Amino acid sequence: MTKQNCKTCSSEFEIRNEDLVFYEQMKSPAPLHCPDCRMMRRLAFRNERTLYRRDCDLCKTSGVSLYPEGTAFPVYCHKCWWSDAWDPRDFAMDYNPSRPFLEQFKKLQAKVPRIALLVIDSVRSDYTNNAGENKDCYLIFAAENNEDCMYGRLVQRSKFCNDCVSTYDSELCYECIDCRQCFKCMYSEQCQSSSDLLFCYNMRDSQNCILCTNGRHMSNSILNIKYDKETFEQKKREILASHESIEQAKKQFEELKSQSIVKYARQTKCHNVTGDYMFNCYDGIRLFDT
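Residue numbers (the numbering used here): 22 to 311.
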């Protein structure tokens, strides 16, 4: 293993011996930039959540696009992109082997039309991007197979979920982060197979819990203490009674999380990997949301 300083941020990073063997096989030099800077360079092209009003360069219809006005390349709306009104072969170029390939590829990119939004097979979900097979959704990104969801990212196979991030196979959730198979949960994080959670963290197979952390198979509990159903419901009504009480519960929840035991990484059914937010992964390095 060798160590090197990044040319961009000057931080020290490691190059594994296995990586050096791979670079040798590919006849590629060792990297000069750290993994984080290399990732930023690779993803600099990607615009996921910033949308612009823009006219289609073919039919002139006003719409929403991930590209602003004034780009070198034309931008077509979804209908025009998939139509027979244009032929991509009209933008073809002859390849010149005596000139650098990337230079020619850049010129081609500046000519060929691009689709306004990366959306497929969606219904009444015009304000989404990097999304597919959604119905009646608004401002969700990197999201697929959802219905009636708004303001989210990495929402998958869910219904009626608002202001959620990394939420999968869930329904009727609000302000949830990294939750799976949850129902009627609010202000909760890293919960799975649970229902009716409020300000909960890292819960599994639980229902009707408030301000609980790291719990399994719990019900009618507040601060990890079990109560009778009447007391629990009364406390729940008090928290949801006003905006002020909800904000106070949010502060209590943040303090509770800071005092809770936290797993070193969020990995489920993974082997020989490094990274975070990983499921069913094998032999990987620096993987995230995978």
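The C-beta atom is built at its ideal place from N, Cα and C for all residues, glycine as well. These numbers come from a predicted model, not from an experiment.
Under the three-state DSSP convention, the category residue i falls into
| i | result |
| --- | --- |
| Ser-209 | coil |
| Gln-280 | coil |
| Leu-175 | strand |
| Glu-168 | strand |
| Met-61 | helix |
| Asn-183 | strand |
| His-264 | helix |
| Ala-152 | strand |
| Lys-247 | strand |
| Leu-193 | coil |
| Val-42 | helix |
| Thr-29 | coil |
| Thr-71 | coil |
| Thr-234 | strand |
| Arg-135 | strand |
| Asp-105 | coil |
| Asp-111 | helix |
| Leu-53 | coil |
Check whether residue i and residue j have beta carbons under 9 Å apart
| i | j | result |
| --- | --- | --- |
| Ala-131 | Cys-98 | no |
| Ala-163 | Asn-155 | no |
| Phe-274 | Tyr-208 | yes |
| Ile-231 | Leu-218 | yes |
| Asn-229 | Ser-216 | yes |
| Gln-177 | Tyr-159 | no |
| Asp-310 | Leu-139 | no |
| Cys-182 | Leu-193 | yes |
| Cys-80 | Ala-113 | no |
| Tyr-298 | Arg-287 | yes |
| Met-233 | Arg-225 | Residue identity check: residue 233 is Cys in the sequence provided, not Met. Going by C-beta atoms, Cys-233 is not nearer than 9 Å to Arg-225. |
| Arg-307 | Pro-56 | yes |
| Glu-35 | Asn-26 | no |
Expected contact under 8 Å - CB spacing of residue i and residue j to nearest Å
| i | j | result |
| --- | --- | --- |
| Tyr-195 | Glu-210 | Rounded, the Cβ-Cβ distance is 13 Å, inconsistent with contact. |
| Ser-214 | Gln-202 | 5 Å |
| Thr-23 | Cys-58 | With a Cβ gap of about 17 Å, Thr-23 and Cys-58 do not count as contacting. |
| Ser-86 | Val-96 | 6 Å |
| Pro-134 | Asp-78 | 7 Å |
| Gly-153 | Asp-142 | 6 Å |
Residues that DSSP places opposite residue i in a beta bridge
| i | result |
| --- | --- |
| Thr-188 | Val-176 and Cys-200 |
| Ser-240 | Gln-228 |
| Lys-24 | Glu-35 |
| His-292 | Tyr-303 |
| Asp-76 | Ser-83 |
| Asp-297 | Phe-309 |
| Phe-162 | Asn-150 and Arg-174 |
| Tyr-97 | Ile-136 |
| Ser-215 | Cys-203 |
| Tyr-285 | Paired residues: none, contrary to the question. |
Quiz item: Can we say the region 241-250 touches the region 285-303, given the rule of at least three CB pairs closer than 8 Å?
Solution: no
Quiz item: How do the region 262-274 and the region 247-254 stand: do at least 3 beta-carbon pairs fall below 8 Å, yes or no?
Solution: no
Quiz item: Are three or more beta carbon pairs between the region 59-71 and the region 111-128 nearer than 8 Å?
Solution: no
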